[in-house]
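Top to bottom, those sequences are chains A and B.
In this text, residue positions in the first sequence follow the working numbering: the first is 278, and each later residue adds one.
In this text, residue positions in the second sequence follow the working numbering: the first is 409, and each later residue adds one.
A virtual CB, placed ideally from N, CA and C, is assigned to each residue, including glycine.
Here the structure is a predicted model, which is why all the values come from computation and not from measurement.
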Amino acid sequence: MSETPFKLATKDLGKDYPGTVALDGVSVGFAPGEVHALIGKNGAGKSTLVKMLAGSVVPSRGQIFCDGIEVALSSPQDAFAQGIAIVYQELSLVPGLTVAENILLGRTPKKRGIIDWQATYAQAAAVLERMRVDIDVRARTGDLGVAKQQVVEIAKAMSLDPKVLMLDEPTSALARHETENLFRLVRGLAAEGVAIVYISHRLHELRQIADRVTVLRDGRHIDTVVMVETGVEQIVQMMFGEVVQRERPGDLLPGGTTVMEVQGLTCEGKFAEVDFSLYEGEVLGIAGMLGSGRTELLKALFGAEPVDSGKVVLQGRSVDRPTPARMKALGLAFTPENRKEEALVQAHSIRANMCMASMGQIASGGYITRKMEQAVVDEQVAKLQIKVASTEDAVSSLSGGNQQKVVVGNWLSTRPRVMLFDEPTRGIDVQAKQQLFQVMWDLSREGIATVFVSTELEELVEVCHRILIMREGRIVDEVRPETLTADELALRCMGEN
Amino acid sequence: MWIAKAVTWGKSSIMELILFALCAILAFEADGFFSVDNLLNVLRNVSMQGIIAFGMTMVIISGEIDLSVGSAVAFAGCLTAYLTESLAATGLGLGASVALAMLGSLLTGFAVGALSGFIRVRFGVPTFITTLAWMTVLTGSAQLLTGGFPLMPFPEWYNFLGGGYLLGIPFPAIVFALVFLLTHFLMGYTTWGRSIYAVGGNAEAARLSGIDVARVKVVVMAVVACLAALAGIMQSAEIMSGAATTAKGWELDVIAAVIIGGTSLMGGEGKIRGTLIGVVFLGILVNGMTLMNISEYWQHVVRGVLILSAVLVNRANQ
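Here it is as structure tokens:
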């Protein structure tokens, strides 16, 4: 490794977390002047690798080399000292400060203890000029658009004059032309000799920006390839691997009755003209990449986000002014994407959380007792096989999978007609996933319809009767899972076919 | 086994134990503390603030606060007096005038609270700010109503509401007990109570669970303001006048009682029963120190220190 011209390199790098190996045996090098893309599905280990290189996670084994010399990056300061800078997906700017202050945050030049504004503006302007972007350094950062804020974020990293710049999903919040500008900027930086590490799961971007691509899957380093010599199909195959297709039980047949009809649903800037019908007992998948509008759509269906036009028809009647409370009353149930922030009260007991949506069903005339609740809670705990010591423990004491089951149990007790699941399998173990699929199929047998949104496309192929493909806020295609594989579905989601 | 159980019980009832210890000490140290008359007196003294404290517990659990309850007490007293005077001047009987005036005060209180809640959910203004504004508005309004002098239009029997006894028990204490039972039942045994906990614990999760967060917040704000008006009426009955200078600083005593009772200012956690302990604790403390002839200056210091200690004890217990 020490003879290579790599600015930054790893050898057999690995990281264990209690119970899981997050990353294992990664040996990769980043050369000056190259744009090196890191790709993989959720949970493939991209962020673990990046965090180790940025000094915020300490490796369990393996080595990291800077200029061929082994280094220990035990804090972000260590990484800075080695010239490694990172721009995270979530912006870390202070909206109330000027662009210049943000770029030089904590390092503003001072004269006799007072900020030297002239020097501050000049230094910040110099950084931006070097990047060939035109942003007023005196502007209030919060007044800029997301794309420009992204640039300011990069400028902040660049002001440290790094040798390695890591960009974590930098385009996730950007529109197409803004992405173009960002690419131009990234290429410019690479031309100056900076090693760029580009993390993304937007495959179509890779051809435009990446020189080499490293693919991770399930924490393992699959391969590093030269982009111009490799087809997107090959990369997708590496991302997904040989997927063992499991069969959906054969007795699940959706009925002919429409339970929900969505007509021309539009929310400016999020999704547009969404039409589809959902049938009794059907498991309908919605596939789409991050930012395709799937989460927003699902929330809107539940009345949790306002829409600009279009309507949702339930049991033959259009719902006007939908709210979550009204949709619940009409038989809809919704498990949100972020269960910690949006579905559970972490400090409350498992019991209280499992009766949050369903308390109307449990209570008689608004009167409710522990006893009444406990019966319902025990039923769901047994049915969903939730592992709990006591249902009076705080829900935060449960694992991700069991927390998700609490959310699902909470909604099952409302006796819904339609279940909306947004990324229900995120951060839960394989066994819990299978149990969740079992729940969807059991619901299907009872005639209850399910809408299942997931980025894990092989799950959709496994579980659903029908899959809608969403891209840039529109439903662009409808497929039968029997007719295609997860990687074919991935290509369609990215608009490659 | 029984030791472990006793420890668990002791931990969950730590404030009760401290209160019991305080009573035991005072029984020996403070002359006349442990007499029926004195204890009923304590009960009367705490009941008006206590009534508000139960409402405040709901508000704080829901993740909001009401700083205007002290001024609301004074305002309600003055408004009742003012309305009584005005209605009686139109030739209406004094009894009917008082009854209508009380009703008017309660409704006004309810409306003021509901408005704070509405401003909170519609415009996102924290109730800390809105009720801070109400605090001065209501104090000013009370002064305007009375013109700076106490109004004294009340008939003799009106005094019963604040100073009377029913079966030997002070009337305000009976109201205090009723409000306790009502709010205890509401918070512990109804979907309403559960909704309040859920909203305070995680408003977004509550909303996405189909709970009407806005309605919950508006109603709890209205309820506490209405209870403050009720306390205001009883207060005016006790002193037989509507005076703008009464109940100054009550909001702090009320909030202190709620906090001592173990309710989290962050929302989502707390118990009406805890607030009952908090209210009685503060009442007994003041009473005991007064009986022991401790100077008022020292009383303030001791009270402050004990409030902080109680919160630390609750914290350590979690």
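CA-CA distance, residue i and residue j?
i, j, result
"B/ALA639", "A/GLY568", "54 angstroms"
"A/MET278", "A/ALA467", "Confidence in A/MET278 is poor, its pLDDT being 40 and thus under 50, which makes the residue's placement unreliable; the coordinate value appears in the next sentence. For A/MET278 and A/ALA467, the distance between alpha carbons rounds to 22 angstroms."
"B/ILE619", "A/GLY320", "33 angstroms"
"A/GLU506", "A/VAL490", "11 angstroms"
"A/MET443", "A/PRO353", "13 angstroms"
"A/HIS481", "A/ARG751", "18 angstroms"
"A/LEU271", "A/ILE476", "Outside the displayed span of chain A (278 to 774) sits residue 271 of chain A, for which this structure offers no information."
"B/SER470", "B/GLY676", "6 angstroms"
"A/GLY677", "A/ASP706", "8 angstroms"
"B/LEU425", "B/LYS419", "9 angstroms"
"B/CYS486", "B/MET466", "26 angstroms"
"A/GLN592", "B/SER672", "43 angstroms"
"A/VAL716", "A/LYS617", "21 angstroms"
"B/ILE692", "B/ILE663", "17 angstroms"
"A/GLU775", "B/VAL415", "Residue 775 of chain A lies beyond the residue range present for chain A, which begins at 278 and ends at 774; the question has no answer from this structure."
"A/GLU280", "A/GLY345", "Here the model assigns A/GLU280 a pLDDT of 47, short of 50, so the residue's position is not dependable, and the following value carries that caveat. Roughly 7 angstroms between the two C-alpha positions."
"A/SER436", "A/GLN400", "9 angstroms"
"B/ALA614", "B/ILE582", "35 angstroms"
"A/GLY558", "A/VAL740", "13 angstroms"
"B/GLY576", "B/PHE588", "20 angstroms"
Within 7 angstroms: the Cβ of residue i and any heavy atom of the ligand COA?
i, result
"B/VAL713", "The ligand COA is not among the ligands present in this structure, which contains no ligands whatsoever."
Return the first residue and the last residue of the alpha helix (DSSP H) that residue i is part of.
i, result
"A/GLU430", "423-435"
"A/LEU368", "That residue, A/LEU368, is in no alpha helix (DSSP H); it is neither H nor E in DSSP."
"A/SER721", "707-722"
"B/TYR566", "Here B/TYR566 belongs to no alpha helix (DSSP H), and DSSP marks it neither H nor E."
"A/LYS284", "Premise fails: A/LYS284 is in no alpha helix (DSSP H) and is neither H nor E."
"A/SER690", "Taken as a continuous stretch (DSSP letters only), A/SER690 belongs to no alpha helix (DSSP H), as it is neither H nor E."
"A/GLU347", "Here A/GLU347 belongs to no alpha helix (DSSP H); instead the beta strand (DSSP E) covers 346-348."
"B/ASP445", "444-469"
"B/PHE536", "535-554"
"A/LYS588", "Note, A/LYS588: premise wrong, no alpha helix (DSSP H); beta strand (DSSP E) at 586-591."
"B/CYS634", "621-647"
"A/MET631", "627-631"
Which two residues bound the contiguous beta strand (DSSP E) that contains residue i?
i, result
"A/CYS770", "A/CYS770 -> not in any beta strand (DSSP E); alpha helix (DSSP H) instead, spanning 763-770."
"A/ARG748", "743-748"
"B/HIS592", "First-last for B/HIS592: 579-597, but that is the alpha helix (DSSP H), not the beta strand (DSSP E)."
"A/ASP655", "Premise fails: A/ASP655 lies in the alpha helix (DSSP H), 647-660, not in any beta strand (DSSP E)."
"A/ARG497", "497-503"
"A/GLY562", "560-565"
"A/TYR556", "548-556"
"A/GLY698", "The displayed chain sequence assigns Phe, not Gly, to residue 698 of chain A. Run containing A/PHE698: 695-699, per the beta strand (DSSP E) assignment."
"A/ILE752", "751-756"
"A/ASP445", "441-445"
"A/VAL335", "Where A/VAL335 is concerned, there is no enclosing beta strand (DSSP E), given that its DSSP letter is neither H nor E."
Could you tell me which residues DSSP puts in a beta bridge with residue i?
i, result
"A/HIS313", "A/VAL474 and A/ARG489"
"A/ARG777", "Only positions 278 to 774 of chain A appear in this structure, which leaves residue 777 of chain A out of reach."
"A/VAL596", "Its beta-bridge partners do not exist; DSSP assigns none."
"B/LEU574", "B/ILE577"
"A/ARG494", "A/ARG497"
"A/CYS544", "A/PHE548"
"A/THR727", "A/VAL560 and A/MET696"
Please look up how many angstroms separate the CB atoms of residue i and residue j, rounded, as I've assumed it's under 8 angstroms.
i, j, result
"B/ALA482", "B/ALA652", "5 angstroms"
"A/PHE517", "A/ALA767", "7 angstroms"
"B/MET625", "B/GLY525", "Position check: residue 625 of chain B holds Lys in this sequence, whereas Met was assumed. Contact flag correct, Cβ pair sits at about 5 angstroms."
"B/VAL444", "B/ASN695", "About 14 angstroms; that fails the 8 angstroms criterion."
"B/ALA633", "B/ASP474", "7 angstroms"
"A/ASP585", "A/CYS544", "6 angstroms"
"A/LEU300", "A/GLY291", "6 angstroms"
"A/MET696", "A/LEU720", "6 angstroms"
"B/VAL454", "B/VAL687", "5 angstroms"
For the structure I just gave you, are there three or more beta carbon pairs, one from the segment 562-569 of chain B and one from the segment 420-438 of chain B, closer than 8 angstroms?
Not touching, per the Cβ criterion.
Does the segment 402-413 of chain A come within contact of the segment 424-439 of chain A, defined as at least 3 CB pairs closer than 8 angstroms?
yes
Interface residues of the segment 608-619 of chain B facing chain D [CB-CB below 8 angstroms]
You won't find chain D in this structure, because its protein chains are A and B.
Taking contact to mean 3 or more Cβ pairs, one atom from each stretch, closer than 8 angstroms, check whether the segment 464-483 of chain B and the segment 533-543 of chain B are in contact.
yes
Within the chosen definition, does the segment 531-538 of chain A reach the segment 549-561 of chain A through at least 3 CB pairs nearer than 8 angstroms?
With a cut-off of 8 angstroms, the segment 549-561 of chain A and the segment 531-538 of chain A count as touching, because enough Cβ pairs lie within range.
Is the segment 566-581 of chain A in contact with the segment 593-603 of chain B, if contact means three or more CB pairs nearer than 8 angstroms?
no
For the pair the segment 599-617 of chain A and the segment 604-620 of chain B, tell me if three or more CB-CB distances fall below 8 angstroms.
yes
At least three beta-carbon pairs within less than 8 angstroms, the segment 495-515 of chain A to the segment 309-325 of chain A:
yes
Would you call the segment 696-705 of chain B in contact with the segment 488-501 of chain B, where contact means no fewer than 3 C-beta pairs closer than 8 angstroms?
no
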